[in-house]
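Data first, discussion second: the structure below is written as structure tokens.
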Amino acid sequence: MAKIREDLIGVTIVRDDAGEDHILSAGAEVPKGLTVGEHLLSDEPKGKPSKKDAAASKSVEVIIPPKGGPGSGADAWRTYAVAEVEQRGLNIEIPDDASRDDIITALEEAKIPTE
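Be aware that the sequence shown starts at 334, since it is given in this note's numbering, and climbs by one per residue.
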């Protein structure tokens, strides 16, 4: 099974044939039946990244999870929160047992978009 590369900064969201979104972050296994770009996979050829590649990896667009329905659980919000906090250079801890609502509240208090 394919795996997202470990050095990925941020997340990628892949929509399956049923319309369900799957949020994948560094080290995540790509579920069977989903396709992601080769540049996201850990088994890509190793080598020194170009300056263009390095710049692109630092400007990853993070998509806000929905507040209801598929892809709206605590795991999706935690992944989003961790990526946003890291990208903004903030020192905010997101506990593993935090609920979706707790995570959303913490993001709103930090002025990080939740909608």
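For every residue, glycine included, the Cβ atom is placed at its ideal position computed from N, Cα and C. None of these values were measured; they are calculated from a predicted model.
The continuous stretches of alpha helix (DSSP H) do not include L341, and DSSP gives it neither H nor E.
Nearest neighbour of G422 by Cα position, chosen from A431, A443, T438, G370, turns out to be A443. Taking the CA atoms as reference points, A351 sits about 31 Å from Q420. Under the three-pair Cβ rule at 8 Å, the stretch 398–416 counts as touching the stretch 428–447. Rounded to the nearest whole angstrom, the CA to CA distance from I342 to V395 is 10 Å.
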